[in-house]
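Remarks on the structure that follows.
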Amino acid sequence: MPKSFRKVAQKAGMPPGSLIYLGKKEHLPAKITIIQYRDADFVENEYDAFNQCLPLDHREGVTWINVNGISQVQNLEQVGSCFNIHPLVLEDILDLEQRPKIEDYEDYLYIVLKTISYTPEAEEVEGEQVSLILGPHYVISFHEGNDDLFAPIRERLFRGKGRIRKLGADYLAYAIIDLIVDNYFVALETFSDKVEFLEDEVVIRPTPQTLREVHRFKNDMIMLRKSLWPLREVIARLERRESPLISDNLTLYLKDVYDHTIIAIEEVETYRDILAGMLDIYLSSMSNRLNEIMKVLTIIATIFMPLTFITSLYGMNFKNMPELKWHYGYYGTVVVMGLIAVAMLWYFRRKNWI
Amino acid sequence: MPKSFRKVAQKAGMPPGSLIYLGKKEHLPAKITIIQYRDADFVENEYDAFNQCLPLDHREGVTWINVNGISQVQNLEQVGSCFNIHPLVLEDILDLEQRPKIEDYEDYLYIVLKTISYTPEAEEVEGEQVSLILGPHYVISFHEGNDDLFAPIRERLFRGKGRIRKLGADYLAYAIIDLIVDNYFVALETFSDKVEFLEDEVVIRPTPQTLREVHRFKNDMIMLRKSLWPLREVIARLERRESPLISDNLTLYLKDVYDHTIIAIEEVETYRDILAGMLDIYLSSMSNRLNEIMKVLTIIATIFMPLTFITSLYGMNFKNMPELKWHYGYYGTVVVMGLIAVAMLWYFRRKNWI
Amino acid sequence: MPKSFRKVAQKAGMPPGSLIYLGKKEHLPAKITIIQYRDADFVENEYDAFNQCLPLDHREGVTWINVNGISQVQNLEQVGSCFNIHPLVLEDILDLEQRPKIEDYEDYLYIVLKTISYTPEAEEVEGEQVSLILGPHYVISFHEGNDDLFAPIRERLFRGKGRIRKLGADYLAYAIIDLIVDNYFVALETFSDKVEFLEDEVVIRPTPQTLREVHRFKNDMIMLRKSLWPLREVIARLERRESPLISDNLTLYLKDVYDHTIIAIEEVETYRDILAGMLDIYLSSMSNRLNEIMKVLTIIATIFMPLTFITSLYGMNFKNMPELKWHYGYYGTVVVMGLIAVAMLWYFRRKNWI
Amino acid sequence: MPKSFRKVAQKAGMPPGSLIYLGKKEHLPAKITIIQYRDADFVENEYDAFNQCLPLDHREGVTWINVNGISQVQNLEQVGSCFNIHPLVLEDILDLEQRPKIEDYEDYLYIVLKTISYTPEAEEVEGEQVSLILGPHYVISFHEGNDDLFAPIRERLFRGKGRIRKLGADYLAYAIIDLIVDNYFVALETFSDKVEFLEDEVVIRPTPQTLREVHRFKNDMIMLRKSLWPLREVIARLERRESPLISDNLTLYLKDVYDHTIIAIEEVETYRDILAGMLDIYLSSMSNRLNEIMKVLTIIATIFMPLTFITSLYGMNFKNMPELKWHYGYYGTVVVMGLIAVAMLWYFRRKNWI
Amino acid sequence: MPKSFRKVAQKAGMPPGSLIYLGKKEHLPAKITIIQYRDADFVENEYDAFNQCLPLDHREGVTWINVNGISQVQNLEQVGSCFNIHPLVLEDILDLEQRPKIEDYEDYLYIVLKTISYTPEAEEVEGEQVSLILGPHYVISFHEGNDDLFAPIRERLFRGKGRIRKLGADYLAYAIIDLIVDNYFVALETFSDKVEFLEDEVVIRPTPQTLREVHRFKNDMIMLRKSLWPLREVIARLERRESPLISDNLTLYLKDVYDHTIIAIEEVETYRDILAGMLDIYLSSMSNRLNEIMKVLTIIATIFMPLTFITSLYGMNFKNMPELKWHYGYYGTVVVMGLIAVAMLWYFRRKNWI
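Protein chains in written order, with my numbering: chain S, 1 to 354; chain R, 1001 to 1354; chain Z, 2001 to 2354; chain D, 3001 to 3354; chain Y, 4001 to 4354.
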């Protein structure tokens, strides 16, 4: 279950704009990667702190500052003062429980995103918040976790593959968003296998464990939905190009990511429907099993109770019980009991119980 | 369950516009049919590859290029360069897990559709993606599967029946869309019979198998709905005639297909409601059966337990048990037991259990 | 279950505008009634075929052509050519599985309606499609079934009661729509009684049969809803008076029918809620009954199992069992067993089981 | 269950505007109260019929005609001709199954309202229709039932308390609407107690009777909702002051009633949620009880079946059974049986069954 | 369950604007705190009654009048006449069952808010109504309960921390709203722990008690939702800055609170989903347990009934039963019974019952 308000609660009554790190990864050291690229050049530098403003010359092309590990608040403060970023934005970057959103500060766009990863071992969906600041010739990205997240984009920039180096900072922001949306599909693919497996499970050999997994998946879907819907809104707003920071030739690409987000949302909704259906299947197969159990009990009881009554009858110690003295009394009784048993079995057969 | 994101996941981090076939039918050879027709003429040629641009003379009437089997990417590239088609469109044609959509590229419209077929043997709904490119005097259609899909339209073109040869490329596109919508009805008709059969089944002799089929149908309905809703949007946008490629006299026909789509959607929703109702019926007939089983058990136990107690009573070996010596003790006991059994049966009769 | 797509499926791949009768009543002969009326006059003629166009003189007042039984396509073709009706309209008239809709063809309005009748014997809701063509001085109505449908309106026209003869063709169309909406209320009234009966049934003596009826009613409600919602839209569009064929003084009347449609829709939704509630009641009374049955079983078993154990104990054949030789051993045992039985009964009493 | 369409069905096929009383209280005599008031004056007269138009002099202040008991149609006709009221309005006043609505006839507003009363003895919600005609200097109110409904307003008018005498006819109409909305709260308060009682009941000692009451409450809520939603719309339209008959200084008061209606609607929705939750509680406590019952049965059977088997074993009549001759055979057997019983009890204890 | 209409019902029929205290805390004495602050100054005075209007000089900065305990109506009347507040506003302040709302009276804004507190001991959510009057240079706040509510803001004002002293009365109002929204997060955090605990509980050892808690939580969520949704609307309206009383530089801060409200609403909806899922888990684990119980019963019965039948068979007293005289008859019988028991156990093993 998400704890998204844990930390907000801690700050109750504090003035807005206080820069306090609200995440869980205080121990992670900061790693700041500054990439500057043009069609022809590509320079990558790595720092462990952000000490001074670097002069941004837009003739140098696009600058991408990636801040990895944000528990050291001073880095953020420095970035804030260099790029003249509003204190509330800085506060939001540190509050790792934001919903995906986009805010237009005229000089730059502030975009909050949630990337998702599903670790099959832990069987848990983990979300990580990515904050983007998109200025005219720069992108600043902040995230808490490990460095590998943006590796494919750095790779593409390095190799100069595709359009990425020829286009501006907005295209870089798009590439980051596209990567994040694709990560949802990676998680959904893993789910897909799990759900198919559970579907067989629930039909063939349902156990309480199966049900618990269905339940956990449902909660995962609730969580995915919670980050996908606002993500859709963010991309829709970018696509509408309300800000001059987004150039015209990006529209088609944004439409494409938008379509992907819709597909992801539909998948999540489909899974929700399918998981809800599984629960019904589970409950009805439980009641089916109960019926099976009760049939066994009833058949056994219905056959042996009358028989035991008869044997018990001739176990009575009355003096005057003529049958007891009959020569074939015992054999006759056994035959009668056999007939009763056969009749019962025939009755159950006819009722389709056996 | 649809795997619509399988392949998107594979492409995570790759630059957009990479032409990679994302379908499951790599082995199918390409078959390219080029039909050119006017009111008076009809020419059909078939190729196994698309090697060179053919000169399109609009005085020649309408050209319909049907590309069947799209796993050979080079055909697509050739078509793309001949007709000057945007790389993202080509990428989407190859990605067979699109939602139905329409995109206006000014020179042409790009339309993605999903046709559906229900194979009663496999008892499975299969969807196939059809991509249309509608230009001023040409239609290019792409689909993965077998060639028979458009046979009725080729037939109508060949025979010159109806309006089809007199009207333009937009009418041809309409005819293709109409055919695809009609295919939904063919599938829904098969469902209709199945659902009626299941409805009887669930009331008369419900088995876990019945429930599983209800469940599978529900999932099929989820899938149909997922392709019908965006299809409706596509047709609605065509009907609004935002593009000059759609002529005025097509509006009435498009309205007609639109109405059909609405009817199909309503049917699907109706089936969903009916199938949900069936599940309730199933569960309650399970609990009904359990009641029946328990009644049998209770009746048997309630009759034989007291009787066996009495016989057991007179099976005790106490020295001083005067009844045992009574001459009619045994007969009296049997009569008493008979009365008890009758009383029990009368009690159950009154309770409406038997 | 409605088969609304049955026939659409049959036409898959055929060109639009093909006139093929898609109903189930091929055997019904056509009956064409032509009524011409003004404030002062009323002329009614009946034909068995529509052979020639009759000259429409609007000084003659309003002409109402009612075509009853539409399986003979030639009548329709004749009407179509006389009144210059679009082929798609004629096709829709023959396709009896339309949704209620209104289409504005400038010269005339084409209105599709669904009238409903509930036959208590067959316990089935039957819908019938009524198509109206409303021109400036004429109304043409088509329906498949029996002639009695419009009897009340013919009666009012004949007697000259109310405003009907004084006002134009639009008022006649309104009167037909009003009649059709009223028919829903006749059906709903029958339902009302049935639902009340079922509600008692489900509480007092629920049987699987009750459940089946609840299920059937739910499906009926789904069907009613499917025709009422678009009917509401049709009337709303008429009320907005987008067409000059609807005169101003009709607004109030249309508002009135509109209100009735809303009430009918609300009733249907209310029934759906109530029927859903009944299912819950049914399931819980099933589980209540199971509890009752199990209580009986448990009481019997709990009383007789210990007693039978005791008797069985003293039925053992051990040589050395001193109790057996006690003079009051037997009587003592019986008294002990009596006390055990009383204790058990007291226990169940305290547990509120008996 | 509401019979709102009962009477509409009776009128199927009749021309609109026919004045027929459609209520259930034909026996109630009419009572017409005419109140005329200004800031300084207050005159109240009572009649048993409305025989002649009284001259309305607006310098006389506001005139309030309250018609109580509307089964005598002639009164209505007289009112209709005096105040020049549209026949459809008169028809609607008599049709007591209207939804709350407002209609603007320029000279006057026609407002239909539903007042509600909950009689705890009959445990039934009863609705009564109130029709208002608001003219420039008069209000005409019609209702079927008893006279006490408007007593508080007459009281306030008589005593001259508050703003009521100083303001116009629109304020009087507002006062009536306010009173009606307040009546919903009186009913909701009674419900509140009942629901709280039921909530305890369902948790502590659920009986089928409890369930039946939950079901009845749910139906009551469906009914309340049906009259509250359109009531909200009516007040919202009044508040928007589309008619010049509503003066500016009424807006704040209308906003106030509007807020109250919203609160009432929210309460009803809350009750629906709570009652739905109760059903779940009921069902699960039923299944809980079943578990309890089955535990008792299983414990008894599991303890006594093995014991009875042992006693039965030594009740066999084999010649050669050495144990029977052992001196302590009997005592040993009893001890063994005691140990078995204790083991069983320990097992059930560990399983948390006892 | 909220009693929000309790008191409204008491006022049924009374004229609007009557000042009557409708809360539950009549005994609380009033405590009026008047704080005046500018960037440099801060003056705080406390009174037990509001006796005379204090002259508001806006050069003095912002004045904050906090009225704590509102059961003494005369204080309110005095405030009303000093600040020229509409009687309906005063009435609403006393009616403690308002929904959160905002009303624009041009000279001032009237804002109703609900603050929430969750007391873990009582395990109950308690709401308290806070009314704000925001004028150009003053804020008047009214609340019923204890004084500590606004302590953090008074603290910040006193210490002069952050922007609070530099900005105007609108910022103070924002600070109060922000505090109230943060209080929801404090409550949600407590819930979060409880829900996680319940989730484990329901899976591992579900008891009827667990279910009752799930039910209570669901009702709490219904209540939270009821105050959060209108709160969202209030903040949205403030953010749109329809009133000149809200200055431009507040927008960003209001957007921030707005985002928090959205997160709170999403949490509540997530909890509702999760709690609904728990109920399903509960029901299915109940039915799982029943299956377990029935398996034990069936296994015991199925093993011992045939065995007891056999022993009972040889307990019969027939004269002619040759087996009884066999030397190894007894031992043979015991062996046969052992084999039967083993066979049964093997059967249950294979069926996965044990």
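Ideal Cβ positions, reconstructed from N, Cα and C, are used throughout, including at glycine.
Everything numeric in this text was worked out from a predicted model, so none of it was measured.
- Along the segment 1296-1309 of chain R, the positions whose C-beta sits under 7 Å from a C-beta of chain S are Val1296, Leu1297, Ile1300, Ala1301, Phe1304, Leu1307 and Thr1308, read in chain order.
- Sequence-distant Cβ neighbours of S/Ile265 in its own chain, meaning closer than 8 Å and more than five residues away, are Arg225, Leu228, Trp229 and Arg232.
- With fewer than 16 other CB atoms across the displayed protein chains lying within 10 angstroms of its CB, Z/Asp2048 is exposed.
- Not a single unbroken stretch of the beta strand (DSSP E) spanning 3 or more residues falls wholly within the segment 2175-2209 of chain Z.
- D/Asn3068 and Z/Asp2256 have their C-alpha atoms some 25 Å from each other.
- Annotation for Y/Asn4084: no beta strand (DSSP E) segment contains it, and DSSP assigns it neither H nor E.
- Proximity of chain R to S/Gly277 at the Cβ level (cut-off 8 Å) is accounted for by His1215, Lys1218 and Asn1219, in chain order.
- Comparing alpha carbon positions, the residue from Z/Thr2333, Z/Gly2332, Z/Leu2313 and Z/Ala2343 closest to D/Tyr3331 is Z/Leu2313.
- Within chain D, the residues placing a beta-carbon under 7 Å from that of Z/Val2203 are Arg3212, ordered along the chain.
- Taking C-beta atoms as the reference points, Z/Tyr2037 and Z/Val2062 count as a pair closer than 8 Å.
- Against chain R, a Cβ distance below 9 Å from Z/Asn2320 picks out nothing, because the smallest value is about 12 Å.
- Contacts with chain Y at 8 Å (Cβ-Cβ) include S/Lys325.
- Using a Cβ-Cβ cut-off of 8 Å, D/Tyr3314 counts as an interface residue toward chain Z, since at least one Cβ of chain Z sits closer than that to its own.
- Residues of chain R with a Cβ closer than 8 Å to the Cβ of S/Met294 are, in chain order, Leu1290, Ile1293, Met1294 and Leu1297.
- Only residues of its own chain outside the window of five on either side were considered, and among them Asp104 and Leu109 have a CB closer than 7 Å to the CB of S/Ser243, listed in chain order.
- D/Asp3170 counts as buried, since no fewer than 16 other beta carbons sit within 10 angstroms of its beta carbon.
- No Cβ-Cβ contact shorter than 8 Å links R/Tyr1258 with R/Tyr1174.
- Listed in chain order, the positions of the segment 258-270 of chain S with a beta carbon within less than 8 Å of a beta carbon of chain R are Asp259, His260, Ile262, Ile263, Ala264, Glu266, Glu267 and Thr270.
- Contacts with chain S at 8 Å (Cβ-Cβ) do not include Y/Asp4148.
- Listed along the chain, the chain Y residues whose CB falls inside 8 Å of the CB of S/Gly329 are Phe4318, Lys4319 and Asn4320.
- Contact of Z/Pro2208 with chain R by beta-carbon distance below 7 Å involves Ser1285 and Asn1288.
- Contact check for R/Gly1080 against R/Leu1094 fails: the beta carbons are separated by 8 Å or more.
- Contact annotation for Z/Asp2273 against chain D: Lys3218, Asn3219 and Ile3222 [CB-CB distance below 9 Å, chain order].
- Approximately 12 Å separates the beta-carbon atoms of Y/Ile4246 and Y/Ile4177; this is outside 8 Å, ruling out the contact.
- Taking 8 Å as the threshold, the shortest C-beta distance from S/Lys226 to chain Y falls below it.
- Using beta-carbon distances, D/Asp3200 does not count as an interface residue toward chain Y, since no partner is under 8 Å.
- Neighbours of Z/Tyr2282 in chain R, taken as residues whose beta carbon is under 8 Å from its own, are Ser1284 in chain order.
- Residue contact with chain Y for S/Arg99: present (Cβ-Cβ distance below 8 Å to some residue of chain Y).
- Inclusion of Y/Thr4115 and Y/Glu4123 in the CB contact set at 8 Å is not warranted, their separation being larger than that value.
- By the Cβ-count criterion, Y/Asp4280 is buried, with 16 or more other Cβ atoms from all chains shown falling within 10 Å of its own Cβ.
- S/Leu228 sits in a helix when the DSSP states are folded into three classes.
- Under the 10 Å beta carbon count, D/His3327 is surrounded by fewer than 16 other beta carbons and is classified as exposed.
- DSSP, reduced to helix, strand and coil, places D/Glu3097 outside both helices and strands of the structure shown, so it counts as coil.
- Interface annotation, R/Thr1063: not in contact with chain S, CB-CB separation never under 8 Å.
- The beta carbon of D/Leu3088 falls within 8 Å of a beta carbon belonging to chain Z, placing the residue at that interface.
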